[in-house]
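S.K.: Quick one: structure below, then a few questions.
In full-length UniProt numbering, the protein residues as written are 1 to 112.
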């Protein structure tokens, strides 16, 4: 889904309103918008959920979180969870490569 620039702008305004504790004042407008333009509301929810996802540090014990940390590290992100995740990612990768090399050597030795 391509998020419109209007939805992005509105999401930023809602984040600012939440930070200023003024989000309750916008509730009625959001309800009207949900009834009149549900597609825009979906765009808004998607954009807001993306913003929330970026602020939550993933648990580094899942392979998906390690891939996310590796991608973020490759993009230049050096937050603590990214650096720790990248270290774990590289350590696990090297372990997998060594195990594969041992298995190959054992298979060749058994075949000989």
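Beta carbons: idealized from backbone N, C-alpha and C, even for Gly.
Using 10 angstroms around the beta-carbon of residue 85, count the other beta-carbons present and answer buried if the total reaches 16, otherwise exposed.
M.R.: Classification of residue 85: buried, given that the 10 Å Cβ count is 16 or more.
S.K.: Is the Cβ-Cβ distance between residue 11 and residue 40 less than 8 Å?
M.R.: Not a contact, by the Cβ cut-off of 8 Å.
S.K.: With distances taken from CA atoms, which of 63, 43, 25 and 68 is nearest residue 5?
M.R.: Minimum Cα distance to residue 5 is reached at 43.
S.K.: Quick one: any contact between the stretch 15-24 and the stretch 59-68, if contact means 3 or more CB pairs under 8 Å?
M.R.: No, they do not touch.
S.K.: Assuming residue 83 and residue 47 form a contact by the criterion Cβ under 8 Å, report the distance between their Cβ atoms to the nearest whole angstrom.
M.R.: Not a contact, Cβ separation roughly 28 Å.
S.K.: Any idea if residue 72 is buried or exposed, counting beta-carbon neighbours within 10 angstroms, 16 or more meaning buried?
M.R.: Buried: at least 16 other Cβ atoms inside 10 Å.
S.K.: Counting along the chain, where does the alpha helix (DSSP H) carrying residue 79 start and finish?
M.R.: Segment: none, residue 79 is in no alpha helix (DSSP H) and carries neither H nor E.
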